[in-house]
Amino acid sequence: MKITAAITGVGGYVPDYVLTNQELEKLVDTTDEWITSRTGIKERRILKGKDQGSSVMGIQAVRQLLEKTNTRPEEVDLLICATVTPDMLFPATANIISAGVGIQNAFSYDLNAACSSFLYALTTAAQFVQSGIYKKVVVVGADKMSAIVDYTDRSNCILFGDGAGAVMLEPSTDGYGILDQVLCSNGNGEQFLNQKAGGSRRPPTAETVANGEHFIYQEGATVFKFAVKNMADVAAQVMTRQGLSHDDVAWLVPHQANKRIIDATANRMGVGPEKVMLNIQRYGNTTSATIPLCLWDYEKQLHKGDNLILAAFGGGFTWGAMHVKWAYNS
Ligand code: COA
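Letter by letter, the sequence shown follows residues 1 to 330 in this note's numbering.
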């Protein structure tokens, strides 16, 4: 009997503080009109407070996930945290989240594929379920992007926000869950989107800090071009491989980086705006959390058997798309 990895629950968390376009107008030379028309973003959430890392949000999302799925922490076999903003370079934020929610009998680790982290993590987690090894695997995407955003850089500070979302994967023998994916990466994209310092190549020094090398660096227009083409390509590729027409697709669940990239992907797939999950206007780009936060926001509108196409593009470059058959009614 073929085992697939079904998503059996969703949890999410966004911090209380709302950073609006109007507030950004006071910080940098920008306007609400420019941000809205170029990105679709109106506001984002920011995690405030001293010594608060991505794990704080991940813990909230996973705690809610365990409650909603009636799962005791000791039942979880594995937890993978998708993040580009771990609390520390080590230990893994996944370990901190596990400890925070009382998961004890599991192993846990982080996975970083920039804005494609969640899709990569979901694919990785699914293998452990499909193989029959594990029964309950948590994938949490958590990013505190405000930790690496330069709030004097108008082209970047408008884009990002903080948040976390989590899903539970469990075995299905009825054909629900993750059915196919195409994942890609190309390291030649390194130069266009990165955080230059803080790793082993350029450890932190007074100079790297003074140069702003610990912030996100991005050549926005170049990244935009690659994102539009590649995200749309893989989404269309997965549909073809799975024999899905646009009528068969119930939802596009896109990474929320820029509404114009999302629109281009939907157009290429031939799906109308009514089938596109969109919350970029409220959260901005939360990197590893965008896709699970979409599922979290739209969960009540999902029906058992719906065909979902998840799609992402990010630094690296990394990109991918996935076909998920939704496994439950809320
Ligand atoms: N407010 C007002 N003007 C701004 C601005 C802001 N917040 N940010 C940039 N500009 C200006 C630029 O300085 C530039 O001015 P210039 O022509 O005088 O130099 C002009 O707007 C156009 O800049 P450009 O970067 O070409 O704009 P764009 O239409 O490409 O939009 C992004 C910029 C960042 C919104 C867009 O490139 C983007 O979304 N890129 C991809 C981002 C992304 O998805 N990253 C994550 C990948 S997962």
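Note that beta-carbon positions come from the ideal geometry of N, C-alpha and C, so glycine has one too.
Any idea which residues DSSP pairs Asn95 with across the strands? According to DSSP, which records beta bridges pairwise, Asn95 is partnered with nothing at all.
From Pro254, Ile7, Met1, pick the residue whose C-alpha is nearest to that of Gly305; which is it? Ile7
Does at least one heavy atom of ligand 1 sit under 6 Å from the Cβ of Ile262? no
Taking 7 Å as the threshold (C-beta atoms), are Ser185 and Ala312 in contact? no
Give me the Cα-Cα distance between Met239 and Asn188, rounded to the nearest whole angstrom. 27 Å
Assigned secondary structure, Asn329 (DSSP; H/G/I helix, E/B strand, else coil): coil
What do you get for Thr152, buried or exposed, if any count of 16 or more other CB atoms within 10 angstroms of its CB means buried? exposed
Is any non-hydrogen atom of ligand 1 found closer than 6 Å to the C-beta of Arg38, if you look at the structure I gave you? yes
Let me make sure I understand the geometry here. Which of Lys144, Gln195, Ser98, Ser37 has the alpha-carbon closest to that of Thr46? It is worth fixing the name first, because residue 46 is Ile in this sequence and not Thr. It is Lys144 whose Cα lies nearest to the Cα of Ile46.
Restricting to Cα atoms, I'd like to know which of Gly314, Ala166, Gly243 is closest to Thr222. Gly314
Assign Lys50 to one of two classes, buried (16 or more other C-beta atoms within 10 Å of its C-beta) or exposed (fewer than that). exposed
Distance CB(Val140)-CB(Val234) smaller than 7 Å: no
Which residues in the same chain as Lys325 place their Cβ atom closer than 7 Å to its Cβ, once the five residues preceding and following it in sequence are excluded? Gly175, Tyr176, Gly177, Leu179, Gly305, Asn307
If you draw a straight line from the alpha carbon of Thr39 to that of Asn105, how long is it in whole angstroms? 43 Å
Taking Ser54 as part of the alpha helix (DSSP H), name the residues at either end of that continuous run. 54-68
Tell me which residues share the same chain as Val333 and place their Cβ nearer than 7 Å to its Cβ, disregarding the 5 neighbours each side in the sequence. Residue 333 lies beyond the residue range present for the chain, which begins at 1 and ends at 330; the question has no answer from this structure.
Check whether the segment 239-252 and the segment 3-23 touch, using three or more Cβ-Cβ pairs below 8 Å as the test. no
Across the segment 21-33 and the segment 149-165, are there enough close Cβ pairs to call them in contact, namely three or more that are closer than 8 Å? yes
Within this structure, are the beta carbons of Gly212 and Asp150 separated by less than 7 Å? yes
N- and C-terminal bounds of the beta strand (DSSP E) containing Asn307: 307-314
Is the beta carbon of Gly163 less than 7 Å from the beta carbon of Tyr298? no
On the three-state DSSP scale, how would you describe Ala114? coil
Inspect the beta-carbon positions of Thr208 and Met231 and report whether they are closer than 7 Å. no
Near ligand 1: Cys115 beta-carbon under 6 Å from a heavy atom: yes
Could you spell out where the beta strand (DSSP E) holding Asp180 opens and where it closes? 177-185
Between Leu244, Phe317, Gln22, Trp251, which has its C-alpha nearest His303's C-alpha? Trp251
Would you grab the beta carbon distance between Val276 and Val167 for me? Rounded to a whole angstrom, and I think it's under 8 Å. No, Val276 and Val167 are not in contact; Cβ-Cβ is about 19 Å, not under 8 Å.
Looking at Gly132: is its Cβ nearer than 7 Å to the Cβ of Ile216? no
Identify the residues that DSSP records as bridge partners of Gln218: which are they? Leu193
Environment of Asp87 [buried if 16+ CB atoms lie within 10 Å]: buried
Below 8 Å on the Cβ atoms is my guess for Asn258 versus Phe224; work out the distance and round it to an integer in Å. 7 Å
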